[in-house]
Every structure is written in C-alpha cells, then in structure tokens.
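> In order, the protein sequence lines correspond to chains A and B. Here this note's numbering = 1-based position in the first sequence + 207. Here this note's numbering = 1-based position in the second sequence + 75. Heads up, the beta-carbon is just placed ideally off N, CA and C, and yes, glycines get one too. One structure, pasted below without further comment.
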Amino acid sequence: GENVEQHPSTLSVQEGDSAVIKCTYSDSASNYFPWYKQELGKGPQLIIDIRSNVGEKKDQRIAVTLNKTAKHFSLHITETQPEDSAVYFCAASTILTGGGNKLTFGTGTQLKVEL
Amino acid sequence: GAVVSQHPSWVICKSGTSVKIECRSLDFQATTMFWYRQFPKQSLMLMATSNEGSKATYEQGVEKDKFLINHASLTLSTLTVTSAHPEDSSFYICSARQAVNEKLFFGSGTQLSVL
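This is how it looks when you write it as structure tokens:
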C-alpha cells in the first residue's frame, strides 16, 4: 500500500520567516495531494491541495509543489504568523481496487512560529 | 470549504457502556465518509470507510462488532463504540468526501474518555 513520509516532525521559525515541510510518497498511481492544518483538540482543516497534473499551486501565503518523478511534494508558508502554529499533515490519495480512493497521511509536523 | 459537523465534541462514559458519535455533512452530500482514530501527537489512523446504503469497510485490526458504523443517508454517518473500555479512550474524527471534487473535509473530532 501507499506509504507517506513527512519531515521534519517539528519545526520552529521566527515570525515573518518561511516554513517548508516535505513529504514523499511511494505509490506512483497517487494523484491527489492535500495538506491539512490541525489545531489542538480540533479536526484537520484542508488548507491547500494539488493534483498530479499540476506542478505548483499557490494561495496567498501558502504554496504547494509537486514533483511526480521524484514522488515528493512540499508545503511552503511565507511570512509566517503566530496563528500558523499548528500540526500540519500531508496526504496522498490512493486508488482502491474496486473503485474509490482513500487518503494516506504523513506523520505530521508540529510548526511553532515564535515572536 | 464544505462543513462537516461532528457531535459530541467530548464524552465521558463508564466502562461497559456504548457511545454514539454523529458525523453530518451540512452543505453537501457525501456518499463516502471515513472514521479515524488519533492518539496524542500521532497521525490519523483510518478505522473504516462508510458508504451510504452499504456495509462499512473496516481496516485491518479494527473490530467491526465493537465499532459499529451506520451510514443511512447521504449526510449522516454514525460510529457507535460498544461496550467501551478505557483503552478505547481516544480522539475520534470523521471526514466526508465531497463527490464533485473528491476533496475530504473533516469534523471537529470527539474526545472519548472511558472511566
């Protein structure tokens, strides 16, 4: 099955700096890669996603890049703010035998933005 | 983004009792919903896939008789933890797939504590 690795597990940056989180996946058939932000005691919130026919996508301070050949994708947050502090999960969508798909999640990155 | 409502947000119960958790997609129909379990500082572990009008598909190692899933309508799935024990204490999260774009949206989670 699909295996998604995520690095780093923890990341501390100064307010205003950029943060980069990287993920790799194993199943070359995966074609959808969302990123989620999870605050303490809450469910994950979809912040950005990318499909395999696109190499890069940007939404204000957040961007995601995808390298299908190398099977890795990254989340970039620019001009970080204290409210960006949370756990971020990457995921890869795996096609299931018989139809449908399911997400395989990375292990998460605890981002801390320090004043 | 689409809204998924999950209730209750937290529940405390005695060992041996059953607890029901509801997951509703408020502004879209979800033919497929997913139930996850998350331990502190860990990633989401998929428990089962819930398909409207059919039996749920459980992941390996998840007891289907203990974690009863019902997906009777396109907007509601329920997870019932039967004969709960302290080791069932965890954060349970549901998600719903938006059919039009395959995006997955999560509920706010339920913290279950079994005494």
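Are the beta-carbon atoms of M108 (chain B) and C169 (chain B) separated by less than 7 Å?
The count along the second sequence starts at 1 and reaches residue 108 (chain B) at position 33. The count along the second sequence starts at 1 and reaches residue 169 (chain B) at position 94. The answer is yes: Cβ separation under 7 Å.
> Return helix, strand or coil for E321 (chain A), following the three-state DSSP convention.
Numbered from its first residue, the first sequence carries residue 321 (chain A) at position 114. E321 (chain A) falls in the strand class under three-state DSSP.
> Under the three-state reduction of DSSP, which class applies to D163 (chain B): helix, strand or coil?
Taking the first residue of the second sequence as 1, we reach residue 163 (chain B) at position 88. Reduced to three states, the DSSP call for D163 (chain B) is helix.
> Is it true that the stretch 244 to 258 of chain A meets the stretch 277 to 297 of chain A, where meeting means three or more beta-carbon pairs spaced less than 8 Å apart?
In short, these stretches touch, since the Cβ pair count reaches three.
> In or out: Q135 (chain B) buried (at least 16 other Cβ within 10 Å) or exposed?
What you label residue 135 (chain B) is simply residue 60 of the second sequence in a count that begins at 1. With a 10 Å radius around the Cβ and a threshold of 16 neighbouring Cβ atoms, Q135 (chain B) comes out exposed.
> Quick one: is L119 (chain B) near chain A, going by C-beta distance under 7 Å?
Within the second sequence, residue 119 (chain B) is the residue found at index 44, counting from 1. Yes, L119 (chain B) lies at the interface with chain A (some Cβ there is under 7 Å from its Cβ).
> Would you identify the three-state DSSP class for D291 (chain A), choosing helix, strand or coil?
Numbered from its first residue, the first sequence carries residue 291 (chain A) at position 84. Helix at D291 (chain A).
> Are the CB atoms of Q81 (chain B) and S165 (chain B) nearer to each other than 7 Å?
For the purposes of this step, residue 81 (chain B) is taken as the residue at position 6 of the second sequence. For the purposes of this step, residue 165 (chain B) is taken as the residue at position 90 of the second sequence. Their beta carbons are not under 7 Å apart, which means Q81 (chain B) does not touch S165 (chain B) by this criterion.
> Given that E127 (chain B) touches chain A, what residues does it touch there, using C-beta distances under 8 Å?
What you label residue 127 (chain B) is simply residue 52 of the second sequence in a count that begins at 1. None at all; the shortest Cβ gap to chain A is about 12 Å.
> So if DSSP puts E263 (chain A) in a beta bridge, which residue, or which two residues, is it bridged to?
Counting from one through the first sequence, the residue named residue 263 (chain A) turns up at place 56. DSSP, once it has assigned bridges, lists A:T272 as partnering E263 (chain A).
> Within this structure, are the beta carbons of T276 (chain A) and E263 (chain A) separated by less than 7 Å?
Walking along the first sequence from the start, residue 276 (chain A) turns up at place 69. Walking along the first sequence from the start, residue 263 (chain A) turns up at place 56. No. Outside cutoff.
> According to a CB-to-CB cut-off of less than 8 Å, which residues of the stretch 250 to 273 of chain A neighbour chain B?
G250, P251, Q252, L253, D256
> By the DSSP assignment, the beta strand (DSSP E) with T153 (chain B) in it spans what residues?
Position 78 of the second sequence, counted from the start, is the residue given in the question as residue 153 (chain B). Where T153 (chain B) is concerned, the enclosing beta strand (DSSP E) stretches over 151 to 156.
> Give the interface partners of K178 (chain B) over in chain A, defined as CB-CB distance under 9 Å, in chain order.
Counting from 1 along the second sequence, the entry for residue 178 (chain B) is found at position 103. Within chain A, the residues near K178 (chain B) are Y239, P241, L253, D256.
> Of all the residues that make up the stretch 151 to 162 of chain B, which are near chain A by a beta-carbon distance shorter than 7 Å?
none
> Tell me whether L318 (chain A) is buried or exposed, calling it buried when 16 or more other Cβ atoms sit within 10 Å of its Cβ.
For the purposes of this step, residue 318 (chain A) is taken as residue 111 along the first sequence, with counting starting at 1. By the neighbour-count rule (16 or more Cβ atoms within 10 Å), L318 (chain A) is buried.
> So with CB distances below 8 Å, who are the chain B contacts of K319 (chain A)?
Taking the first sequence and counting its residues from 1, the one referred to as residue 319 (chain A) is at position 112. Under the 8 Å cutoff, chain B gives no residues; its nearest Cβ is about 14 Å from K319 (chain A).
> Return yes when at least one heavy atom of the ligand COA lies under 6 Å from the C-beta of S148 (chain B), else no.
The ligand content of the structure shown is nil, which means the ligand COA is not present either.
> Could you work out which residues of chain A lie near G182 (chain B), taking near to mean beta carbons separated by less than 9 Å?
If you number the second sequence from 1, residue 182 (chain B) lands on position 107. Result: G250.
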